[in-house]
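Undergrad: Here it is, the structure in full.
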Amino acid sequence: MNAHAPVLAFEGVDAFYGAAHILHGVSFQVRAGESVAILGRNGVGKTTIVNTLLGIARHGAGAIRFHDRAIERPRPYQAARAGIGVALQGRKLFPNLSVRENLMLGAASNRAGAWTLDGVFDLFPVLRERAEAPGTALSGGQQQMLAIGRALMANPDLLVLDEPSEGLAPVIVDELAAVFGALNAKGTALLLIEQNLSLVERVSRRFAVLAKGRVVEEGSLDGIDRTSLQRHIAI
Amino acid sequence: MLIQILNGLVYGTFLFAMASGLALMFGLRRIVNFAHGALYMLGAYFGYTAAKLAGFWGGLLVAALGLAVLGVALDILVFRPLRGRDPLTTLLVTFGLALISEDFIQTFWGNDTHSFAEPALLSGVVQLPGTTFPIYRLAIVAFGILVAGGLAFWLTRSKVGLYVRAASHDPVIAAVQGVDTDRLSALVVGVGAALAGMAGVVAAPILSISPAMAADILVDSFIVVVIGGLGSLGGAFAAALILGQINVLGVVFLPELTALLPFLLMMAVLIWRPTGLAGSRV
Ligand SMILES: Nc1ncnc2c1ncn2[C@@H]1O[C@H](COP(=O)(O)OP(=O)(O)OP(=O)(O)O)[C@@H](O)[C@H]1O
Ligand SMILES: [Mg+2]
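Following this line, the structure appears as structure tokens:
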């Protein structure tokens, strides 16, 4: 795989919920093996980027490319099958399925690869201990691990993480930062949607800031002044 | 008394075979299928005609296969385009389909009531203390239990069953995991329709066949699904057994209220537990 080829590219994307116009000409790229952060306050349209990719929000003008193939009118199950693993905001685990079943569901995309049930259990040993518990009986941090493990079961080329640190204690966020770093080092591209700057700084090299559905700033995180980013996220 | 309880069990298990399909369809498509009684009726008529050539078992097979195909078509041609529409639209469309089916039946089979003989294998009675009971009715209980056991096994032990349980809880989140919910829904609606069609044939020897047969069973199936908790099979099973008993015991103890009892029960459950016996669990 060409190291600099974009895995995911948004090119002037407009997106809608019904008649509500949420994204206005959003452009950004995630290249192979790269980790890109999307920052922005509450309600600016960060999750809508994910939903547009999944076909949950309606995609209007502009193009979305994954591995250089245009994604048009996607259905939600196509992303996972194409190699986009998503850990949704709020984790969205199934309370009626056990931890093990939640993970097995992640393999529904039928993509073979390095990630198996055992691999995820090795990454997050606590999930192995709680394998038969209902998915939502876990602590917040464990639930987030389950959501990430479930996304990995699709053996994705690109892992999309929508506010994974939301509501978690700093020590858990540290643990996640290490996991994201290791995944990225092994070649999985990351799209990290976050408002937690310290997590972003540890995991991503590039960023884009979203405000009112538009990308208002983007660039490298290397040596950037944190206060200049601070104003773009929730207080 | 024993006879009453047994008859309640017959009706309850039978009702489950109907209601389970309704619950499964609701789980995946979030559509309340007012055409479910019509599927049951079509199954009975298909089976009736096929049975003339191929006997009871041939009729049962034709009803199951015919309705499975019809169910898949129903999902692809009707439910899929209605995805995300408001409940009133889906209600009107499925209600319209029920009316069309009734017209279709009247056109091809007429308005008469037909009777349908039970298979020779299951005719006769069993001896119980002080009374007898038709073997065929016990076979209906076995049918209902077989459906319940088969669905439970399928849902808890197979990969597709796991996808169905996930999609019943939240179709979109299940799809995000890579479950092709379009194909899964077609399968589930096909299975639900096949169960309704088989129920139509199974009930025919004791209830007889007519264009009016759809309405009663539809109402009772809805009550079962609502009492059980929308989309929950375990809840529907319990509710079906309870409703079966209420139907027969009501006749014995509260004859004036029999027709009302199922509705009263439904209201009581909805007030006491608005999400039904099983809540939203599948
Ligand atoms: N299903 C929906 N239908 C209509 N509008 C929606 C829907 N989901 C979100 N919105 C609106 O779209 C806008 C963008 O929402 P979005 O969820 O993308 O924001 P976000 O940046 O992810 O916010 P947060 O940080 O709170 O998660 C908001 O104004 C929101 O109210
Ligand atoms: Mg969001």
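In order, the protein sequence lines correspond to chains H and Y.
Residue numbers are given in my numbering: position 2 of the first sequence equals residue -2, and the series is strictly consecutive.
Counting from 1 along the second sequence, just add 5 to a position and that's the residue number in my numbering.
Note that CB positions come from ideal geometry on N, CA and C, so glycine has one too.
Keep in mind it's a predicted model, so treat the numbers as computed, not measured.
Given 7 Å as the limit, tell me if residue 42 (chain H) has its C-beta closer than that to any heavy atom belonging to ligand 1.
TA: Answer for residue 42 (chain H): yes, Cβ within range of ligand 1.
Undergrad: For residue 97 (chain H), go through chain Y and note every residue whose CB falls closer than 7 Å to its CB, in chain order.
TA: Those within 7 Å of residue 97 (chain H) in chain Y are 167.
Undergrad: Could you check if residue 38 (chain H) belongs to the surroundings of ligand 1, using beta carbon to heavy atom distance under 7 Å?
TA: Residue 38 (chain H): yes, Cβ under 7 Å from ligand 1.
Undergrad: If contacts are defined as beta-carbon pairs under 8 Å, then residue 195 (chain Y) and residue 77 (chain Y) qualify, I think. What distance do you get, rounded to the angstrom?
TA: That pair is a contact at about 4 Å.
Undergrad: Taking any Cβ of chain Y, which residues in the region 101 to 124 of chain H have a Cβ under 9 Å from it, in chain order?
TA: If the cut-off is 9 Å between Cβ atoms, the region 101 to 124 of chain H has 101, 102, 103, 104, 105, 106, 107 near chain Y.
Undergrad: Given that a residue counts as buried once 16 or more other Cβ atoms are within 10 Å of its Cβ, and exposed if not, what is residue 108 (chain Y)?
TA: Exposed.
Undergrad: In three-state terms, what does DSSP make of residue 177 (chain H)?
TA: In the structure shown, residue 177 (chain H) sits in a helix (DSSP, three-state: H, G or I).
Undergrad: Once DSSP output is grouped into helix, strand and coil, what is the label at residue 136 (chain Y)?
TA: Strand at residue 136 (chain Y).
Undergrad: Only counting the same chain, and skipping five residues up and downstream in sequence, which positions put a Cβ closer than 6 Å to that of residue 132 (chain H)?
TA: Cβ within range, chain order: 89, 91.
Undergrad: Could you tell me whether the Cβ of residue 73 (chain H) comes closer than 8 Å to any Cβ of chain Y?
TA: Answer yes: the Cβ-Cβ gap between residue 73 (chain H) and chain Y drops below 8 Å somewhere.
Undergrad: Quick check: residue 65 (chain Y) and residue 152 (chain Y), are their CB atoms within less than 8 Å of each other?
TA: Taking 8 Å as the Cβ cut-off, residue 65 (chain Y) and residue 152 (chain Y) do not qualify as a contacting pair.
Undergrad: Have a look at Y:150, Y:228, Y:237, Y:21 and flag the residue whose alpha-carbon is nearest the alpha-carbon of residue 32 (chain Y).
TA: When only C-alpha atoms are compared, the closest one is Y:237.
Undergrad: What did DSSP end up calling residue -3 (chain H) once you bin it into helix, strand or coil?
TA: In this predicted model, residue -3 (chain H) has a pLDDT of only 49, less than 50, meaning its place in the structure is not dependable; the value taken from the coordinates is given anyway. Of the three classes helix, strand and coil, the one that applies to residue -3 (chain H) here is coil, per DSSP.
Undergrad: Check the C-beta distance from residue 127 (chain H) over to residue 95 (chain H) and give it rounded, since I have them as a contact under 8 Å.
TA: Sure, about 5 Å apart at Cβ, within 8 Å.
Undergrad: Taking 7 Å as the cut-off, is the C-beta of residue 191 (chain H) nearer than that to any heavy atom in ligand 2?
TA: Because no heavy atom of ligand 2 lies under 7 Å away, the Cβ of residue 191 (chain H) does not count as near it: no.
Undergrad: Can you tell me which of the three DSSP states residue 10 (chain Y) falls into?
TA: In this structure, residue 10 (chain Y) counts as helix in the three-state DSSP scheme.
Undergrad: What I want to know is whether the C-beta of residue 13 (chain H) ends up closer than 7 Å to one or more non-hydrogen atoms of ligand 1.
TA: Yes - ligand 1 has a heavy atom lying nearer than 7 Å to the Cβ of residue 13 (chain H).
Undergrad: At the 8 Å Cβ level, is residue 286 (chain Y) part of the contact set with chain H, yes or no?
TA: A caution first: residue 286 (chain Y) carries a pLDDT of 46, below 50, which makes its placement in the model unreliable, though a value can still be read off. At least one chain H Cβ lies under 8 Å of residue 286 (chain Y).
Undergrad: Between the alpha carbons of residue 71 (chain Y) and residue 208 (chain Y), how many angstroms are there, rounded?
TA: Answer to the nearest angstrom: the Cα atoms are 17 Å apart.
Undergrad: I'd like to know whether the C-beta atoms of residue 34 (chain H) and residue 45 (chain H) end up nearer to each other than 8 Å.
TA: In contact: residue 34 (chain H) and residue 45 (chain H) (Cβ atoms closer than 8 Å).
Undergrad: With C-beta atoms as the reference, is residue 8 (chain Y) less than 8 Å away from residue 95 (chain Y)?
TA: Contact flag unset, no.
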